[in-house]
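Residue numbers (the numbering used here): 27 to 352.
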Ligand code: AMP
Ligand code: MN
Ligand code: MN
């Protein structure tokens, strides 16, 4: 099917649309929500659209329209359509799940392999680099403004590790090229939203690297940041973005585990793989999800319990020799 027609079809006769993404929104999530919101404002101006997201990380606030984002769900509002973006399951919508539940109809655009097609209409492509790349396919390219392009570019750049990860396909580069032609300042966008770190972010990254340990015959690297340490640095979860990728860059490592304590004995776990271990199945086993090479889950217990449970599952997937503890 012609993808632009698909969006046209879905938005036909709709007067009110809510757009939502996953909890603790990242670059792809914010980029997708704002990209679609801005596109709809210019191409479908008659539709009243609202974006529902948790507080977004400060570097994304330069995107047009982010001050309009709603952070709480109205009790009695019922939308004609709820569009879920970059979210693997309805629970991960967080506070906006109530609007998803009560909406007349629902549409989901996503690239998580763990996504079970939870909406009425689903456009899910696990191979795609990002939700922003999928939205690009749904849009009429000739009507993508510079503001829409900025938002989509943020999402594509972030979810590909700035066009490095294996999910970067020729189509990803083609989409990025089209977005560049709208005149966006790609260098500044990537610098500002991806590379620049606050002093605190760098300090906590240093600490996580310093305290990391090698496990499973050096095939696995792990690091934990406790609530005490987060409080000491006054760090937010978004300040820890990127630590797990840095751990994964360690020579010889197959899997990187990074976890931080959300509250007492509740850990947000990030898993990254260099290709031989499917971390999505491991995250799903514990109730989370994600992609083959990047997945996440929230787990309870002491950090030792959580680590042991994860290592057992990782060892299952490693060849027998390398799975042994050194
Ligand atoms: P993270 O480690 O949080 O950066 O997440 C890696 C990937 O897994 C991202 O695409 C997330 O959207 C996804 N993910 C993280 N946590 C969960 C979860 N609890 N359930 C489903 N997907 C998740
Ligand atoms: Mn995301
Ligand atoms: Mn994504």
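All residues carry an ideal CB built from backbone N, CA and C; glycine is no exception.
**Asked** Is any heavy atom of ligand 1 found at a distance shorter than 7 Å from the C-beta of residue 187?
**Response** no
**Asked** Within the chosen definition, does the stretch 115-126 reach the stretch 42-52 through at least 3 CB pairs nearer than 8 Å?
**Response** yes
**Prompt:** By Cβ distance, which residues of its chain are closer than 6 Å to residue 29, with the 5 residues on each side in sequence left out?
**Reply:** Closer than 6 Å at the Cβ level, and outside the excluded window around residue 29, lie 163 and 164.
**Request:** With DSSP as the reference, label residue 324 as helix, strand or coil.
**Result:** strand
**Asked** Near ligand 2, which residues have their beta-carbon less than 6 Å from any of its heavy atoms, given in chain order?
**Response** 48, 52, 54, 55 and 112
**Request:** Run the proximity test for residue 317: is its beta-carbon closer than 7 Å to any non-hydrogen atom belonging to ligand 1?
**Result:** yes
**Contact under 8 Å by Cβ, residue 242 with residue 341** = Yes, the Cβ-Cβ distance between residue 242 and residue 341 is below 8 Å.
**Prompt:** Within 7 Å: the Cβ of residue 138 and any heavy atom of ligand 1?
**Reply:** Residue 138: yes, Cβ under 7 Å from ligand 1.
**Prompt:** Applying the criterion that 16 or more other CB atoms from any shown protein chain within 10 Å of the CB defines a buried residue, is residue 227 buried or exposed?
**Reply:** The residue in question, residue 227, is buried, as its Cβ has 16 or more Cβ neighbours within 10 Å.
**Asked** By Cβ distance, which residues of its chain are closer than 6 Å to residue 71, with the 5 residues on each side in sequence left out?
**Response** none
**Asked** Less than 8 Å separating the beta-carbons of residue 322 and residue 313?
**Response** no
**Item:** Bridge partners - residue 158, DSSP secondary structure assignment
**Value:** Beta-bridge partners assigned by DSSP to residue 158: none are found.
**Limits of the unbroken beta strand (DSSP E) element including residue 74** = 74-78
**residue 346, buried or exposed, once every other Cβ within 10 Å from all chains shown has been counted against 16** = exposed
**Prompt:** By how many angstroms is the C-alpha of residue 254 removed from the C-alpha of residue 161?
**Reply:** 40 Å
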